[in-house]
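Trainee: In the numbering used here, the protein residues as written are 1216 to 1513.
Don't be surprised by glycine CBs; every beta carbon is placed ideally from N, CA and C.
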Ligand code: GLU
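Right under this line is the structure:
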């Protein structure tokens, strides 16, 4: 019998942010990821997405490792920690800057809020992204070079945003992502990154962003199969666009159902009573967790 070449094995990853306790929603995500990884004969990686170093902490990491072991997961070492790799994200920012696809955006949140309010008072709806956040105005993209230079010389704080129209032109459309099902089926899905407007790729305080670091890391770690919640499904459009712009491989995606609270909202890390830590302290077992998230074995 021939064994698969290890190089050809699919690579899966679970990528929590250590800024709170894992809850039942994470348990579903981690276990679904792990189950699919085993079905596909893959390698399993863990990554801590801790670019927001102020909100993340080693104590949360420790608790997450403990909870994930308790759930029965095993992963390859070393665990990648994003805060150890800011240079990798900077290299990607430099590539996009060299291509002329980023611009400094100087408006504060308050400035944007005031503009949105004024437009609403005139009876004009302001466009929003798939997460419901208002799109950034065109102003900074349209600044004259001398105005931009003056703002930079005055050391005005700024974020770096992707010029979406130019990016789409460079990438070429239509853009597709690969999707895979638990039955092994695969399909291509058309994506529309324009819905996100000029996304932030590097923040003022942190010189990267979720969208940028996630695509860079998935490529550097050789991730081939991404399993994550449906709440992140719209973001896949931006991730595919960035992969094309940065010349990175295209992983396949699977977005799983979410666990909602009684009010129909996605569980959050502040929903303490569903945290694995408090459930464990209350004597809940692994099979109780499986039952609570609708994954009990037949
Ligand atoms: N770090 C993200 C989260 O905790 C997951 C990112 C991803 O799976 O792409 O929601």
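Go through its chain and collect everything with a Cβ distance to residue 1250's Cβ below 6 Å, but skip five positions before and after it.
Mentor: Hits under 6 Å: none found.
Trainee: Please tell me whether, using a cut-off of 8 Å, the distance from the CB of residue 1448 to the nearest non-hydrogen atom of the ligand GLU is below it.
Mentor: Residue 1448: no, Cβ never under 8 Å from the ligand GLU.
Trainee: Can the beta-carbon of residue 1263 be found closer than 9 Å to that of residue 1295?
Mentor: Yes, Cβ-Cβ distance for residue 1263 and residue 1295 is below 9 Å.
Trainee: Considering only the alpha carbon of each residue, which of 1278, 1454, 1312, 1243 lies closest to residue 1375?
Mentor: When only C-alpha atoms are compared, the closest one is 1312.
Trainee: Below 6 Å CB to CB, which residues in the same chain sit around residue 1218 once its five sequence neighbours on both sides are set aside?
Mentor: The pLDDT assigned to residue 1218 is 43, lower than 50, so where the model puts this residue is not dependable, and the model offers no usable value.
Trainee: Can you give the Cα-Cα distance for residue 1392 and residue 1346, rounded to whole angstroms?
Mentor: Residue 1392 and residue 1346: Cα-Cα distance of roughly 19 Å.
Trainee: Going by CA-CA distance only, name the one from 1438, 1319, 1282 that's closest to residue 1422.
Mentor: Residue 1319 is the option with its Cα nearest to residue 1422.
Trainee: Tell me the start and end of each unbroken beta strand (DSSP E) in the segment 1389-1426 that is at least 3 residues and wholly inside, in chain order.
Mentor: With a minimum length of 3 residues, the continuous beta strand (DSSP E) runs that stay inside the segment 1389-1426 are 1390-1395, 1401-1406, 1415-1417.
Trainee: Please classify residue 1383 as buried or exposed, where buried requires at least 16 other C-beta atoms within 10 Å of its C-beta.
Mentor: Its Cβ being crowded by 16 or more others within 10 Å, residue 1383 is buried.
Trainee: Looking at residue 1264 and the ligand GLU, is the gap between the Cβ and the nearest heavy atom below 8 Å?
Mentor: Within the cutoff, so yes.
Trainee: Following the continuous beta strand (DSSP E) through residue 1444, name the residue where it begins and the one where it ends.
Mentor: Its beta strand (DSSP E) spans residues 1440-1444.
Trainee: Report the CB separation of residue 1417 from residue 1424 in whole angstroms; it is logged as a contact under 8 Å.
Mentor: About 6 Å separates the two Cβ atoms, so the contact holds.
Trainee: Using 8 Å as the Cβ pair cut-off and three pairs as the minimum, do the segment 1252-1260 and the segment 1224-1233 touch?
Mentor: The segment 1252-1260 vs the segment 1224-1233: in contact.
Trainee: Hey, would you say the C-beta of residue 1444 is under 8 Å away from at least one heavy atom of the ligand GLU?
Mentor: Yes, Cβ of residue 1444 sits closer than 8 Å to a heavy atom of the ligand GLU.
Trainee: Do residue 1393 and the ligand GLU come close, with the Cβ less than 8 Å from some heavy atom?
Mentor: No, the Cβ of residue 1393 stays beyond 8 Å of every heavy atom of the ligand GLU.
Trainee: DSSP three-state call for residue 1261: helix, strand or coil?
Mentor: The answer is strand: DSSP assigns residue 1261 an E or B state.
Trainee: By Cβ distance below 6 Å, which residues in the same chain neighbour residue 1502 in space, the five residues on each side in sequence not counted?
Mentor: Excluding sequence neighbours, residue 1502 sits near nothing in its chain.
Trainee: Are there any heavy atoms of the ligand GLU lying less than 8 Å away from the beta-carbon of residue 1425, as far as the coordinates show?
Mentor: The answer is yes for residue 1425.
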